[in-house]
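> First residue of the sequence shown: 0, per numbering that gives the first Met the number 0; consecutive thereafter.
One structure is given below, represented as structure tokens, and several questions about it will come after.
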Amino acid sequence: MRVITGAVDRDFIRVGRSPIHGRGVFARRKIPQGARIVEYTGARVPAHAVVAVLPEGGAAPVYAFQLDDATVIDGARGGSDARFVNHGCAPNCEALCFDGHVYFYALRGISRGEELTIDYRLATASSRGPTKRERDAYACRCGSPGCRGTMLVRSSARSR
């Protein structure tokens, strides 16, 4: 992928109501493949301090992006609009980390009005994979043809 660098705020995005879930992030204008769209910002907290407790009947309300084994960026505290990017099984964006910063880049050209998505690749604490309750709580609503039905992965991949 060709990566376009430069100014971070290019006024590429807006937050709005999402058909996937709650709020989402949408392209204000055409975004070229490889463009750096937005930085995921927020308070930096120790990873061990962020525990998503699964409430009865739903997913834990967390805006956290794991930066490394020791640090999580808590988008709910001083975070950018990037915290509203929803999960997609066929994402049009990816997260890349540079010098302790997380940026979302366009995997392909994104049309004006299109919702931005990344693959959350959420992981559970269990090495056996997600339980039915966890899969149900973290059900995917992206609507892509290859939707896997959950935001969770079977392996112990790093979480958003």
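All residues carry an ideal CB built from backbone N, CA and C; glycine is no exception.
Note down the Cα distance separating Ala156 from Leu66, rounded to an integer number of angstroms.
The predicted position of Ala156 is uncertain, since its pLDDT is 47 and thus under 50; a value taken from the coordinates is nonetheless stated next. Ala156 and Leu66: Cα-Cα distance of roughly 13 Å.
> Give a yes or no on contact between the segment 136 to 150 and the segment 29 to 42, applying the rule of three or more CB pairs nearer than 8 Å.
No: the two stretches stay apart, fewer than three of their Cβ pairs being nearer than 8 Å.
> Among Ala69, Thr116, Cys88, Phe103, which residue has its Cα nearest to the Cα of Val49?
Nearest of Ala69, Thr116, Cys88, Phe103 to Val49, Cα basis: Ala69.
> Below 6 Å CB to CB, which residues in the same chain sit around Phe64 once its five sequence neighbours on both sides are set aside?
Once the five neighbours on either side are set aside, the close Cβ partners of Phe64 are Tyr39, Ile72, Val101, Arg159.
> Let me make sure I understand the geometry here. Which of Pro144, Asp80, Leu106, Phe103 has the alpha-carbon closest to that of Arg16?
Looking at the Cα atoms, Asp80 is the closest of the given residues.
> Helix or strand or just coil, what does DSSP make of Asp73?
Asp73 falls in the strand class under three-state DSSP.
> Taking the C-alpha atoms as reference points, what is the distance between Ile109 and Leu95?
Approximately 18 Å, taken between the alpha carbons.
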